[in-house]
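Take any residue in the sequence shown, count from 1 to its spot, add 2: that is its number in this note's numbering. Glycine included, each C-beta is placed from N, C-alpha and C at the ideal position.
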Amino acid sequence: ARYLVSTLFPSLEVRVINSDGGIITRSTAVVTASLLGTSGGLGGTTTMTFYEGKAFFADLTPSVPGSLLSIRFAHVLSGKATQSNFFDVEATDAIHLNLTNPVSQAVSGAAFVIQ
């Protein structure tokens, strides 16, 4: 999958599962999300408390580009973790350029001239 920097990931659900594969509905533990494959780079709410054995991450966004990244979800008390499938994050293209120190010869809409 491919995403753009600062674009919301689809909502992600994390569950606390017992050895039989059932959801542990009484769990109110905390789970954290982090981006693997690059330093930092994950915005949004990265710490959630399980409710009825589930935690929903609905506003996670990548803030740095990279390839073969993954989101790691770690159960704070046990240290057990799981991670998402790998994905790429691409930088967004510039859509605006602002001239902060105007030059007297600058003309709006004209091509840049090397000086």
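Residues bridged to residue i (per DSSP)
i	result
residue 51	32
residue 19	25
residue 89	71
Spatial distance of residue i from residue j (CA atoms)
i	j	result
residue 43	residue 22	35 Å
residue 20	residue 58	19 Å
residue 88	residue 68	11 Å
Identity of the residue in the options nearest residue i by Cα
i	options	result
residue 62	73, 90, 69 and 81	73
residue 81	48, 31, 67 and 88	31
residue 50	68, 41 and 78	78
residue 35	15, 19, 24 and 54	15
Residue i - DSSP class collapsed to helix/strand/coil
i	result
residue 3	coil
residue 46	coil
Open item on the list: Report the start-end ranges of each beta strand (DSSP E) in the segment 53-79 that is 3 residues or longer and not cut off at the edges.
Closed with: Runs of the beta strand (DSSP E) inside the segment 53-79: 56-59 and 68-77.
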